[in-house]
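Engineer: Chains as they are written, first to last, in the UniProt record's numbering: chain A, 1 to 135; chain B, 1 to 135. Here a beta-carbon is modelled for each residue, glycine too, at the ideal position from N, C-alpha and C.
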DNA sequence: ATGAAATGTTAGGTTATTTGACATATAAAT
DNA sequence: ATTTATATGTCAAATAACCTAACATTTCAT
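1. In chain order, what residues of the same chain lie with their CB nearer than 8 Å to the CB of residue 135/B, ignoring the 5 residues before and after it?
2. Establish whether the CB of residue 13/B and some CB of chain A are separated by less than 7 Å.
3. So, with DSSP's three-state summary, where would you put residue 79/B?
4. Looking at the C-beta of residue 28/B, does it have a partner C-beta in chain A at a distance below 7 Å?
5. Would you say residue 49/B lies against chain A (beta-carbon separation less than 7 Å)?
6. Give the range of the alpha helix (DSSP H) segment to which residue 58/A is assigned.
7. Could you pull out every residue in the same chain whose Cβ sits closer than 8 Å to the Cβ of residue 130/B, ignoring the five residues on either side in sequence?
8. Under 7 Å, Cβ to Cβ, is there at least one residue of chain A near residue 60/B?
9. Which whole-angstrom value is the C-beta distance of residue 21/A and residue 61/A, which I expect to be below 8 Å?
10. By Cβ distance, which residues of its chain are closer than 8 Å to residue 6/A, with the 5 residues on each side in sequence left out?
11. If the cut is a Cβ gap below 8 Å, which residues of chain B does residue 130/A touch?
12. Take the Cβ of residue 55/B as the centre, count every other Cβ of all protein chains shown within 10 Å, and call the residue buried at 16 or more, exposed below.
13. Residue 24/B to residue 65/A, Cα distance in whole Å?
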């Protein structure tokens with residue numbers, strides 16, 4: 001079992017994730033409904049979150065604080081998880097606006113940098129996993 | 001928050017611990033009843049296990065495989081967790097037999113070494129935490 | 001004002017966990 | 001060869017935790 005396996009192992013109930021992230025169950029479920037996370041389920045359909053999921057939730061929280069909406073967050077997070085292209089299976093999804101994905105991402109990243117200048121200390125990517133998982 | 005805090009943070013439900021340790025709920029509760037572990041509880045009285053707890057369960061499983069009983073396991077595990085004596089509060093508990101604690105521990109450790117010679121590969125102490133927690 | 005986005009709140013149903021009792025298998029002691 | 005102790009299985013009733021869905025509230029941009 002490698003590090004990525006460990007990070008994606010479904011371990012935490014929603015109650016624990018609430019404490020780890022200080023998000024409400026309502027928020028967590030809402031983000032799932034908007035495809036920002038996709039936690040596993042038990043046989044009985046209850047959510048089970050991995051380190052990666054919790055990490056992602058912390059990032060989502062951070063980006064929300066900076067004023068992003070679901071669509072923006074999704075774009076950014078999907079972007080980051082695409083940084084490691086193995087075979088690069090080409091299949092771009094269409095954005096609602098008449099901007100190209102690239103244009104949109106550029107705008108978003110600029111805005112984020114702005115926010116970073118005076119916003120609260122940003123929780124960098126992978127915070128929780130770094131906290132718990134050996135590298 | 002330091003490493004020991006992370007290791008002792010109550011995170012896992014009994015269902016997850018069953019999968020992580022391949023013990024049944026009955027076994028886990030039995031070991032608790034025999035004071036081999038002492039997981040935290042939620043407000044609603046449900047068990048919440050830490051990395052340390054899971055680690056300990058893996059050790060218990062290993063020692064059971066080697067033929068130890070609850071009393072022997074308790075002695076050994078308490079021993080190991082006493083290796084870091086801060087102020088050494090003297091308060092020895094009496095064993096049922098007419099052997100001193102030291103004698104008993106000596107016997108147990110010898111038997112363990114014997115078992116180690118041909119038994120299955122032993123899960124060393126701290127296995128799970130080492131697996132997940134950064135040092 | 002209107003509308004959309006994010007979150008709160010409540011209700012009814014399902015799943016997971018708890019304790020306790022009794023059963024079973026095996027090993028140890030008599 | 002019985003008896004006794006140990007470890008675990010199984011079942012039941014009670015409760016905690018979680019699920020979805022609906023409706024309410026807040027905030028912010030039009």
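Structural biologist: Judging by the given coordinates:
1. As a first step, residue 135/B must be located in the second chain, where it is residue number 135. Around residue 135/B: 3.
2. The residue labelled residue 13/B in the question sits at position 13 within the second chain. So, interface residue.
3. For this step, residue 79/B is matched to residue 79 along the second chain. Residue 79/B: helix per DSSP, three-state reduction.
4. By 1-based counting over the second chain, the position of residue 28/B is 28. Residue 28/B does not count as touching chain A.
5. Translated into the one-based positions of the second chain, residue 49/B becomes position 49. Output row for residue 49/B: interface = no.
6. Here residue 58/A corresponds to residue number 58 of the first chain, with the count starting at 1. Its alpha helix (DSSP H) spans residues 51 to 65.
7. Working through the second chain from its first residue, we reach residue 130/B at position 130. Answer for residue 130/B: no residue qualifies.
8. Taking the second chain and counting its residues from 1, one reaches residue 60/B at position 60. Judged by the 7 Å Cβ criterion, residue 60/B is not in contact with chain A.
9. Looking up residue 21/A in the first chain gives position 21. Looking up residue 61/A in the first chain gives position 61. Residue 21/A to residue 61/A, Cβ: 6 Å. Contact.
10. One-based indexing of the first chain puts residue 6/A at position 6. Correct list, in chain order: 51, 133.
11. Along the first chain, one-based indexing puts residue 130/A at 130. Simply 134.
12. Looking up residue 55/B in the second chain gives position 55. The residue in question, residue 55/B, is buried, as its Cβ has 16 or more Cβ neighbours within 10 Å.
13. What you label residue 24/B is simply residue 24 of the second chain in a count that begins at 1. What you label residue 65/A is simply residue 65 of the first chain in a count that begins at 1. Approximately 43 Å, taken between the alpha carbons.
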